[in-house]
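So the sequences go chain by chain: A and B.
For the first sequence, our numbering gives the first residue as 1461, with consecutive numbering after it.
For the second sequence, our numbering gives the first residue as 83, with consecutive numbering after it.
All C-beta atoms in this analysis are idealised placements derived from N, C-alpha and C, irrespective of residue type, glycine included.
Just so it is clear, the structure is predicted and the values come from calculations on it, not from any experiment.
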Amino acid sequence: MSVAILAAEFLTRMAQNLQPDQPSASEQYLGEDMTTYIQWNNDRAREIIAAHALFDGAALPILHALQFEFGFIHEEAIPLIADALNLSRAEVHGIVTFYHDFRRDPAGRHVLKLCRAEACQSMNGTGVAQDLLATLGISWGETTPDGSLTVEGVYCLGLCACAPSALYDGEPIGRLTLDTLADVVREARAP
Amino acid sequence: MPMIQEIDYGTPVPVTDKTVSLTIDGDPVTVPAGTSVMAAAMMMGTAIPKLCATDALDAFGSCRLCLVEIEGRRGTPASCTTPVEEGMVVHTQTQRLADLRRGVMELYISDHPLDCLTCSANGDCELQDMAGAVGLREVRYGYAGENHLEAPKDTSNPYFTFEDSKCIVCSRCVRACEEVQGTFALTIEGRGFDSRVSPGGLDFFGSECVSCGACVQACPTAALNENSIIEMGQPEHSVVTTCAYCGVGCSFKAEMKGSTVVRMVPYKGGKANEGHSCVKGRFAWGYATHKDRITKPMIRKTITDPWREVSWKEALDYAASEFKRIQASYGRDAIGGLTSSRCTNEETFLVQKLVRAGFGNNNVDTCARVCHSPTGYGLKTTLGTSAGTQDFASVDDTDVVVVIGANPTDGHPVFASRMKRRLRQGARLIVIDPRRIDLVKSPHIQADYHLPLKPGTNVAMINALAHVIVTEGLVDEDYVRERCDLGDFESWARFIADERHSPEAVEDLTGVPAADVRGAARLYATGGNAAIYYGLGVTEHSQGSTMVMGMANLAMVTGNIGKAGAGVNPLRGQNNVQGSCDMGSFPHEFSGYRHVSDDATREMFETFWGVPLQNEPGLRIPNMLDEAVAGTFKGLYIQGEDIAQSDPDTQHVTAGLKAMECVVIQDIFLNETAKYAHVFLPGASFLEKDGTFTNAERRINRVRKVMPPLGGMADWEVTIALANALGFPMNYEHPSEIMDEIARLTPSFAGVSYEKLEVLGSIQWPCNEAAPTGTPMMHVDRFVRGKGKFMITEFVPTEERTGPRFPLILTTGRILSQYNVGAQTRRTENSRWHEEDVLEIHPFDAENRGILDGDLVSLESRSGDIALRALISERMQPGVVYTTFHHAKTGANVITTDYSDWATNCPEYKVTAVQVRRTNRPSDWQARFYEEDVALKRIETHVNAAE
């Protein structure tokens, strides 16, 4: 039997088994745990890709799963995904670069995502963020030299009611001040 | 002469009988249903401003320049994405629209360099045109904001440059790569303001890009522009002509400055390519003016003498006197001629006329001997005509595509793009090939079945497929009863139903699981319109002709001949291989495939040419070489063919050439065969002459002269001069007169003339009283031969067997960037993609021999041995190795043998038993090649110049 027919059968079975209340593949990987990332390796990446490849619209679930496992999307992942999904490398590159959430380089041990959208801006989010970056001596998207913390910008976490807001290793923080951010940095730098 | 202007309707125009009437700017217009408002407006001559739309691509609706107002609708919809509706009232020019369009242009130009005067696209820039059309006078946003003006250029591709700062991110290039070419090598990287066109984050040269030029063609600005335009500026006139590479026969506009080609642009009006191109035709034309061109006639007494440049008269007189001397000493049959599938129909016709009427024998053959001669034989026997059954457009109606022994994405890329488009629309695909070619799996393409058979087992495979169809009751009985010879069918059905042809019985032979064969056969028989496309992997075997007949059997038994979307379709290798066969290049046939023993035909030619003609077939190429070695064949006139590189068993070919007393070469370069020649007559490239080429779909296309012949004479003029020097008068003022003679003497060409070609653009033969505008599809109501003839196709294994000494099978082929012997493409930047021939070998076979990727290896058969680099590849199956024959110095045909097709002598290039081992030096043949490459190519004047 050809691969295409196998795939079609598999998809049908998957559709029958999927429960509506199950979290989507993307939702499964929302809570990142920075401490458990493993070193990039092709074989493990292939396993992850194969496990998701037969889903409809598999590219995003695969990318989420890879980032969940390795902390970032390694350059070598692109041809592997392209091959598995029968896409071109360029198409996969287009998908990866479209979403800022997919990192192209390893992050620090912890990740702080600061909201830069309108509501947070109006509540002095910009000022707080600039102060933090100046203190750490890094720019948006960079990691502190000791590798403890990566600071990324995001555009609306849906936490406007407690702006300015952030996500620290997947956990929301509201009403940010320089003090709360100092706590975050201290925790990140803790051994 | 002006530039040819092609209308861009902005969006594809649907082909349908249903029409819709609407009003645009107060004028009524009726257009096909499904047409966009933009295209409908263009049909009445109203150009709506646009940037992201072009009619080669589906509507996209991103540039927001083509907005219109439609009465009764809110807002300003994009005219490209809005289909026409009955009674619609459209306004394309209002103050509101003008303001909107100008506002959009202001945004574009706020992030675009203002260097129009020094820009390479100046004079051919849609952005500039649109700024003019909308009346852009200022940019209120200024130019100081964030921008992309410093974005770096990508100059990695040798033929075009990507100037990112000029890019307006309209996605036309990305969509062209997807929709037209089907490679998907481009994407939009990032999002929002950061969105840029990107070849997958790499540079163009290192990316998946195949350099077809579709993106460059689609780009409305200078972002993607040909390097030749950057260097030379805009052309001033253009001429429509036909590409001289493969058998697809793409139409191009040669865009010129005087007699210098500035660029070749695929012509939308060309019915074979409809505006698409590949890296060869689009970019690899620089060979025509390469410094290696030989433009002066030369002669020499012996091949070890240096060449001496002489006048045309001296060269022609010398050749004529030698041919006469040889015939006087050794007999009339001691000389012959070879026509070329690279030359025009008219030139080919003249060469065979010269041989038959001037030399007085039938010793004429052509390079089709070594490629598609089994096609001619097999299809003539079964269906009645020596050509493919469909036009290329037929694939748009195909439901099941079967590709056998062909690699269209490399060999026939423009047709492959069309086929891939159909496959993306959902057609099913069966690939029968020993190698995992790109079609088996590449972005958005996946074969339903890949049957990776062992080389040499084609006939066993086709019989197994037919066995399944006959024994599982899948025969289209009505069709067979109505269209085919029933007696032949019944004996064939009995033969094929025998258990020895079952997929299970031949599984060990072919190496393909029986279940896959059964599945593929069922799909072919029941999947709707099924079309077979095949190449040299079918013909270049000891049973090449049998296999062609086996495919015809398969198509007939399932009713797949005579309708759109079906057929048996040879993908012919050379630009005019169909034509050279049509023109009577084979020793046994006059033009139109009529045997020389047919008295009525021969008498017609005798009357018209005024000389008696022989009624026995003459010598084929291999016979000529054998007889040369034996000492009875002494002189050969070769027009545009390089048998010392292209024909099998090189050492036998060169031995034959060395044994001749006068070899006359007519070519644009001092090719491999010229090393063994005594007279060199400068040839002319396709840019230097008028004529016609006939492509794989029997389409006769015009070739038009855009520059004078560098050597002073076009090839047809040289043959005329040689004939006259021999005392056989020929007088033609223009190739159209030769075509008139062809039409007069050839029933299938009876209605062809240059005047008609001028009107119709191209004509598919047969073209005669019954079909005055030609015949896109053959065998529609009945087969040309009357009833379709089923032929018994017993599988007889080749005598070329693997054994302890030669345990592997070598199969040969070609790749995208190089063309055949490489005489042309090696003299272009195409060599950057393929600098040398390599040996593809499966990791298992490599490991067994301690071979690493890139190692120099010795490849040896019973014919000879060569050394080349190994490329370890899982595209191969274990036990099979593969190489190309593009580089003379590699000598791939030193390895191939003298075995050939039983019916036509087409060489068995695809099966040679070989051994592969590591080595550290070139082979003896290669060492001798390097010496002779200097010794046998010396030119006297050059020697003097050096002194």
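Review point. Using the rule of at least 16 other Cβ atoms within 10 Å of the residue's Cβ for burial, across every protein chain shown, is Gln-87(B) buried or exposed?
Key: By the Cβ neighbour-count rule, Gln-87(B) is exposed, with fewer than 16 other Cβ atoms within 10 Å of its own.
**Study point:** Contact set for Gly-593(B): own chain, Cβ-Cβ below 8 Å, skip 5 residues either direction
**Key:** Taken in chain order, the residues that qualify are Pro-534, Leu-535, Lys-536, Thr-539, Gln-959.
Check your understanding: Does the distance from the C-beta atom of Ala-710(B) to that of Gly-738(B) stay below 8 Å?
Key -> For the pair Ala-710(B) and Gly-738(B), the CB atoms are nearer than the 8 Å cut-off.
**Study point:** Residue span of the alpha helix (DSSP H) that contains Ile-1633(A), given as start and end
**Key:** It is not in any alpha helix (DSSP H) - Ile-1633(A) instead sits in the beta strand (DSSP E) that spans 1631-1633.
Practice item. Go through the stretch 1517-1542 of chain A residue by residue and report every complete run of the beta strand (DSSP E) that reaches 3 residues or more, in order. Key: Those beta strand (DSSP E) runs which fall completely within the stretch 1517-1542 of chain A and span 3+ residues do not exist here.
**Study point:** C-alpha gap between Thr-894(B) and Asp-236(B), whole angstroms
**Key:** The straight-line gap from Cα to Cα measures roughly 35 Å.
Check your understanding: What three-state label does DSSP hand Cys-1057(B) in the structure shown?
Key -> Residue 1057(B) lies beyond the stretch modelled for chain B, which goes from 83 to 1029, so this question has no answer here.
Point to revise | Nearest residue (CA-CA) to Arg-931(B), options Lys-971(B), Gln-997(B), Val-903(B) | key: Of the candidates Lys-971(B), Gln-997(B), Val-903(B), the one whose C-alpha sits nearest the C-alpha of Arg-931(B) is Gln-997(B).
Exercise for review: At 7 Å on the CB atoms, spell out the chain A contacts of Thr-269(B), in chain order.
Suggested key: Under a criterion of Cβ atoms nearer than 7 Å, the residues of chain A adjacent to Thr-269(B) are, in order, Ala-1550, Glu-1551, His-1553, Gly-1554.
Check your understanding: Leaving out five residues before and five after Ile-152(B) in sequence, what residues of the same chain have Cβ atoms less than 8 Å from its Cβ?
Key -> Answer for Ile-152(B): Val-119, Pro-159, Thr-164, Met-170, Val-171, Val-172, His-173, listed in chain order.
Review point. Roughly how many whole angstroms lie between the Cα atoms of Met-631(B) and Cys-162(B)?
Key: So the two alpha carbons sit approximately 48 Å from each other.
Review point. Interface residues of chain B around Leu-1547(A) at Cβ under 9 Å?
Key: What Leu-1547(A) touches in chain B: Phe-266, Pro-525, His-526.
Review point. Under 8 Å between C-beta atoms, does Pro-281(B) make it to chain A?
Key: Residue-level contact check: Pro-281(B) touches chain A, since one or more beta carbons of chain A fall below 8 Å from its beta carbon.
**Study point:** Ser-940(B) - partner residues in DSSP beta bridges
**Key:** Partner(s): Ala-949(B), Arg-999(B).
**Study point:** Proximity winner among Ile-845(B), Pro-388(B), His-760(B), relative to Met-742(B) (alpha-carbon distances)
**Key:** Closest by C-alpha distance to Met-742(B), out of Ile-845(B), Pro-388(B), His-760(B), is His-760(B).
**Study point:** Interface flag, Tyr-654(B) vs chain A, CB-CB below 8 Å
**Key:** It is worth fixing the name first, because residue 654(B) is Arg in this sequence and not Tyr. Taking 8 Å as the CB threshold, Arg-654(B) stays off the interface with chain A.
**Study point:** Cβ neighbours of Val-482(B) in the same chain (closer than 8 Å, five flanking residues each side left out)
**Key:** For Val-482(B), where only same-chain residues beyond five positions count, the Cβ hits under 8 Å are Ala-509, Arg-510, Leu-511, Ile-512, Leu-605, Tyr-606, Gly-609, Gly-610, Asn-611, Ala-612, Ala-613.
Practice item. Could you please tell me which residues of the stretch 289-309 of chain B, in chain order, have their CB closer than 8 Å to any CB of chain E? Key: The structure shown contains no chain E; its protein chains are A and B.
**Study point:** Unbroken stretches of the alpha helix (DSSP H), 4 residues or longer, contained in the stretch 958-1023 of chain B
**Key:** Restricted to the stretch 958-1023 of chain B, the alpha helix (DSSP H) segments that are unbroken, complete and at least 4 residues in length are 974-977, 1006-1017, listed in chain order.
**Study point:** Rounded C-alpha distance that separates Ile-578(B) from Ala-548(B)
**Key:** Each residue's alpha carbon lies about 7 Å from the other.
Review point. So, does the CB of Arg-582(B) fall closer than 8 Å to a CB anywhere in chain A?
Key: Not a single C-beta of chain A is nearer than 8 Å to the C-beta of Arg-582(B).
Check your understanding: Does DSSP put Glu-770(B) in a helix, a strand or coil?
Key -> The three-state reading of DSSP puts Glu-770(B) in helix, counting H, G and I together.
Practice item. Could you spell out where the alpha helix (DSSP H) holding Cys-663(B) opens and where it closes? Key: First-last of the alpha helix (DSSP H) with Cys-663(B): 659-664.
Point to revise | Boundaries of the beta strand (DSSP E) in which Glu-819(B) is found, first to last residue | key: Premise fails: Glu-819(B) lies in the alpha helix (DSSP H), 817-827, not in any beta strand (DSSP E).
Point to revise | Exposed unless 16 or more other CB atoms sit within 10 angstroms - verdict on Gly-655(B) | key: Taking all protein chains in view, the Cβ of Gly-655(B) is crowded by 16 or more other Cβ atoms within 10 Å, so the residue is classified as buried.
Exercise for review: Mind checking the stretch 1555-1585 of chain A against chain B and listing, in chain order, the residues whose C-beta falls within less than 7 Å of any C-beta there?
Suggested key: Within the stretch 1555-1585 of chain A, the residues whose Cβ lies closer than 7 Å to some Cβ of chain B are Thr-1557, Phe-1558, listed in chain order.
Exercise for review: Check whether the Cβ atoms of Tyr-615(B) and Ala-488(B) lie closer than 8 Å to each other.
Suggested key: For Tyr-615(B) and Ala-488(B), yes; Cβs fall inside 8 Å.
Check your understanding: Taking buried to mean at least 16 other C-beta atoms within 10 Å of its own C-beta, is Gly-619(B) buried or exposed?
Key -> Under this definition Gly-619(B) is a buried residue.
Review point. Tell me, which residues are paired with Val-102(B) by DSSP?
Key: The bridge partners DSSP lists for Val-102(B) are Val-113(B).
Review point. In or out: Val-841(B) buried (at least 16 other Cβ within 10 Å) or exposed?
Key: Burial call: exposed.
Point to revise | Identified DSSP bridge partners for Gln-656(B) | key: In DSSP, Gln-656(B) forms a bridge with Cys-328(B).
Point to revise | Span separating the alpha-carbon of Asp-772(B) from that of Ser-818(B) | key: CA-to-CA, the gap between Asp-772(B) and Ser-818(B) works out to about 9 Å.
Review point. For Leu-465(B) versus Val-866(B), is the C-beta distance shorter than 8 Å?
Key: Going by C-beta atoms, Leu-465(B) is nearer than 8 Å to Val-866(B).
**Study point:** Residue from Pro-525(B), Leu-752(B), Ile-514(B) whose Cα sits closest to the Cα of Ala-546(B)
**Key:** Nearest neighbour of Ala-546(B) by Cα position, chosen from Pro-525(B), Leu-752(B), Ile-514(B), turns out to be Ile-514(B).
Practice item. Step through the CB atoms of chain A and report whether any lies within less than 8 Å of the CB of Ala-1028(B). Key: Low local confidence applies: a pLDDT of 43 at Ala-1028(B) is under 50, so the model's placement there is unreliable, with the coordinate-based value given in what follows. For Ala-1028(B), the nearest beta carbon of chain A is not closer than 8 Å to its own beta carbon.
Practice item. Would you mind telling me which residues of chain A sit closer than 8 Å to Gly-272(B), beta carbon to beta carbon, in chain order? Key: Listed along the chain, the chain A residues whose CB falls inside 8 Å of the CB of Gly-272(B) are Thr-1557, Phe-1558.
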